[in-house]
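S.K.: Just so we're aligned, residue 0 is where the sequence shown starts under numbering that gives the first Met the number 0, counting upward by one. Glycine included, every Cβ here is placed at the ideal spot set by N, Cα and C. Computed from a predicted structure; not experimentally measured. Before anything else, here's the structure in question.
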Amino acid sequence: MNRLRKSVDELIEALRNTDEYKRYKEAADSITVDELEKINEYKRLRFEVVNGGAHGENDESVRLYSKLMLNTVTRNYMLCEKKIYNIVADIYDEIGRQLIN
């Protein structure tokens, strides 16, 4: 298990050294508390919509998303965050493929 933990730590360090992560950290450092609250509200609304929430929540999430995309700081943060999530998802998928085959 220690070898696995060491490998995970090395993977995390490798991710932290990517340009994508560095851009994400810069974006995260430039975002205000108010902007982050709006982003989290959007994520909550999207979660509700995806999990069968009311139609009005979808309208609200679309409206909030549009506002967030008009703000260059929140747009940059959300796009950088999405890139990091995609990298992690790709790693997770590859681990799954390698374990199954």
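Please identify the residue among L67, S6, I90 and V72 whose C-alpha is closest to the C-alpha of Y23.
M.R.: V72
S.K.: Nearest by alpha-carbon distance to V65: which of L98, C79, I38 and I86 is it?
M.R.: First, the amino acid is wrong: residue 65 is Ser here, not Val. For S65, the nearest C-alpha among the options comes from I38.
S.K.: For L78 versus Y41, is the C-beta spacing smaller than 8 Å?
M.R.: no
S.K.: Take I11 and list the residues in its own chain whose beta-carbon comes closer than 8 Å to its own, dropping the five residues that flank it on each side.
M.R.: Around I11: no qualifying Cβ.
S.K.: In angstroms with no decimal places, state the Cα-to-Cα distance between I90 and R2.
M.R.: 18 Å
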